[in-house]
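For the sequence shown, our numbering gives the first residue as 2, with consecutive numbering after it. Beta carbons are placed, not taken as given, at the ideal position from N, Cα and C, and that holds for glycine. Note that the structure is a prediction, hence the values are computed from the model and not measured.
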Amino acid sequence: MSTNIDKIVGPFYCQVALQLCLTSRALCKQGVCQKVSEICSFISILCLKTNFKTCGQESIVCSNVSKLCSTGKDSAECKKAKMLCSDARQLCPRNNRIDGT
2 MSTNIDKIVG
12 PFYCQVALQL
22 CLTSRALCKQ
32 GVCQKVSEIC
42 SFISILCLKT
52 NFKTCGQESI
62 VCSNVSKLCS
72 TGKDSAECKK
82 AKMLCSDARQ
92 LCPRNNRIDG
102 T
C-alpha cells in the first residue's frame, strides 16, 4: 500500500482490531478457545497493517496468543495467553479505548 492509503486505512484497521479484541476477550472468559485463536490471528494481521510503530510488536504478541489458544483449554496455557493478551493491550497505541481486564 502507498503511504497515503496507509494513513487513511490504518486507523480503520486499528478500530476493527480493537473491536475484535473485546470480542476475543469475552470469548476467552467463556472458554471458546478455538474461536479466540482465529480472532487473535486476524487481529495480528490487522495490527501489521496499521501505521503505528508498536503495532508490529503487538502483532507478534497476538499471534502468540492465537497459537496458545489453538492448543485447547489447558489452564496453564490459557493463563499464559491471557497474560500475553494483556501485554498486547499495553503495546496498543489506542489502548485508551480498550484498557481494563
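Residue of the options minimising C-alpha distance to residue i
i, options, result
"residue 44", "30, 84, 26 and 7", "26"
"residue 57", "89, 69, 33 and 80", "89"
"residue 15", "85, 54, 84 and 80", "54"
"residue 7", "47, 96 and 91", "47"
Burial state of residue i, where buried means 16 or more other Cβ atoms lie within 10 Å
i, result
"residue 82", "buried"
"residue 77", "exposed"
"residue 67", "buried"
"residue 1", "As shown, the chain starts at 2 and ends at 102. That puts residue 1 outside it, with no answer to give."
Endpoints, alpha helix (DSSP H) assigned at residue i
i, result
"residue 106", "Past the boundaries of the shown model lies residue 106; the chain is included only from 2 to 102, so the question cannot be answered."
"residue 26", "4-31"
"residue 43", "34-49"
Whole-angstrom distance between residue j and residue i, CA atom to CA atom
i, j, result
"residue 30", "residue 51", "27 Å"
"residue 71", "residue 22", "16 Å"
"residue 4", "residue 65", "28 Å"
"residue 11", "residue 32", "31 Å"
"residue 79", "residue 93", "21 Å"
"residue 63", "residue 9", "23 Å"
"residue 36", "residue 86", "15 Å"
Beta-carbon separation (whole angstroms), residue i vs residue j, contact threshold 8 Å
i, j, result
"residue 38", "residue 49", "The Cβ separation is near 17 Å, so there is no contact."
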